[in-house]
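Residue numbers (numbering that gives the first Met the number 0): 0 to 391. Backbone N, C-alpha and C fix where the C-beta goes; we use that ideal spot for every residue, glycine too. Remember, it's a predicted structure, so these values are computed and weren't measured experimentally. Working notes for the structure below.
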Amino acid sequence: MDLEEREISAETITPYFEEYFGHKPTVISASPGRVNLIGEHTDYNEGFVMPMALNNINVIAIAPSPTGKHRWIGGIGEEMIELDPAETDKPGEPFWTNYVRGVITMLGRRGISVPAVDMLIDSNVPRGGGLSSSAAFEVSACTAFAALCGADVTPTDRALIGQATEHEFVNVPCGIMDQFISANGRKDHALMLDCKDLSYKLVPMTDPTVSVLVIDSAVKHSLADGGYAARRKNCEDACTILGVSSLRGATLEMLEAKKAELGDLCYRRARHVIGENLRVAAFAEAVAAGDWNAAGVAMRGSHASLRDDFEVSCAEVDTLVSLADSIPSAASVYGARMTGGGFGGCIVALVKSDDVQQVAEEMIEAYRNALGIETAYLITRPGEGARVLYQA
Ligand code: GLA
């Protein structure tokens, strides 16, 4: 995975659009990928999450198609797909078109009819690395279509449209976190979301002494593989035994009282979720107070729980997280943890800004020495959520 931030913008996509379609785009949208700082596998349990938007974005340029057919190009240099507008109400080939088909269908259900469009997509969100390139794609498409149709679709609704697209067109039973932060992210802020009622608080992350370091394990993952759905099922089973409608309604005391009935697996799954909600609260408080050591403690606790109780980490990701404690500059790392759905993907660390470059290089070298895997990193700050970059 290439974690470099190749610059993309309205200016970079426009000449390609004109070259491919022979006319100008009328709308250009952008929507970011994300890194989750803490609160993992809590979103579909009506819990708390605290992600931030990246500066890596999905950019989409569109204009009404003069042919009456959709003409879509999935990336610069890729082939053009032609589709009849009547064909977008179901999944089909090539696979990537399902993200767009889904968004058009969900807008249609809201009474917003997207006309046949010429569309070019470009993205510098790394794919398959757990940084939500698909959420960025869905929310960017929704943002572009809503602008083209002059429709008022709130950021939260755009997130729900993206999530429904994943469920019905991509077969990924995801929660709301990734699409929500892509739609509602704010520069220089993390976002603490209550997934029960979708209320949220922006938490400033402007301290220049602390940087966010993302490192790829180079292990590709897919949430359609079954491990993710199996975790959701474990949580639902735990709810049935605990007599709650979601794990948000459960406490550690309730869990202990039903320990035998739950069995080891459901007990540990639920313990992760209940504990993770508490860690999100502790983390948010620590960030607000600028207490980065306390924030790091919550991150370490989150990783251990995801590894041991929820069992969604993997050997490579665990290696990266423990290397953050053993590299020569380990004292400059406040905390590190896996981020995203798991089974591969990236880790996120909070690191002293003065030393973050050094830490990143030591991590890459130590990972190579430990596992023989060559990988990449990203040093970043919270970016801006979905927006219209241009409208004619
Ligand atoms: C994926 C899903 C999210 C969330 C995370 C785990 O990123 O898309 O909804 O469940 O995994 O926290």
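Asked	Found
Using a Cβ-Cβ cutoff of less than 6 Å, which residues in the same chain neighbour residue 27 once the five nearest sequence positions on both sides are dropped?	9, 60, 388, 389
Taking 5 Å as the limit, tell me which residues put their C-beta closer than that to any heavy atom of the ligand GLA, in chain order.	39, 40, 42, 173, 174, 176, 177, 339, 340
Sort 73, 119, 197 by Cα distance to residue 22 and report the nearest one.	119
How is residue 47 classed by DSSP in three states: helix, strand or coil?	strand
Residue 214: which of 49, 321, 13, 71 sits nearest, CA to CA?	321
Do residue 336 and residue 350 count as a contact pair if the criterion is CB distance below 8 Å?	no
In angstroms, rounded to a whole number, what distance separates the CA positions of residue 82 and residue 90?	12 Å
Go ahead and label residue 5 buried or exposed: buried means 16 or more other beta carbons lie within 10 angstroms of its beta carbon, across all protein chains shown.	exposed
Do residue 301 and residue 275 have their CB atoms nearer than 8 Å?	yes
So, residue 278 versus residue 237, is the Cβ gap smaller than 8 Å?	no
Is the distance from the Cβ of residue 87 to the Cβ of residue 100 below 8 Å?	yes
I'd like the span of the beta strand (DSSP E) that includes residue 379, first residue to last.	376-379
Starting from the N-terminal side, write out each stretch of the beta strand (DSSP E) that is 3 residues or longer and does not extend beyond the stretch 330-364.	332-337, 345-351
Could you name the residues of the same chain whose beta carbon sits closer than 7 Å to that of residue 117, not counting the 5 residues immediately before and after it, in chain order?	20, 61, 62, 64, 70
Among residues of its own chain, excluding the 5 on either side of residue 165, which ones have a beta-carbon nearer than 6 Å to its beta-carbon?	171, 173
Hey, is the stretch 126-136 in contact with the stretch 42-58, meaning 3+ C-beta pairs nearer than 8 Å?	yes
By the DSSP assignment, the beta strand (DSSP E) with residue 202 in it spans what residues?	198-203
According to the neighbour-count rule (16 or more other Cβ atoms, all chains shown, within 10 Å of its Cβ), is residue 94 buried or exposed?	exposed
How many angstroms separate the CA atom of residue 364 from the CA atom of residue 327?	11 Å
Whole angstroms are fine: how far does the CA of residue 157 sit from the CA of residue 181?	9 Å
Is it true that the CB of residue 205 sits closer than 8 Å to the CB of residue 393?	Because the chain is modelled from 0 through 391, residue 393 falls outside the range shown and cannot be assessed.
Helix, strand or coil for residue 95 per DSSP?	coil
What residues are listed by DSSP as bridge partners for residue 117?	62, 70
Whole angstroms are fine: how far does the CA of residue 193 sit from the CA of residue 287?	17 Å
Should residue 79 and residue 160 be called a contact, given that it needs their Cβ atoms to be closer than 8 Å?	no
Does the ligand SAH have a heavy atom nearer than 7 Å to the CB of residue 190?	With respect to the ligand SAH, the structure shown offers nothing to examine, as its ligands consist of the ligand GLA.
Based on Cα-Cα distance, which residue from 304, 341, 201 lies nearest to residue 316?	341
Leaving aside the five residues before and after residue 128 along the sequence, list all residues of the same chain whose C-beta is less than 7 Å from its C-beta, in chain order.	0, 215, 344, 345
With the cut-off set at 8 Å, would you say residue 212 and residue 130 are in Cβ contact?	no
Check residue 0 in the structure and name its three-state DSSP category.	Reliability of the predicted coordinates at residue 0 is poor, the pLDDT of 46 falling under 50, and no value is obtained from them.
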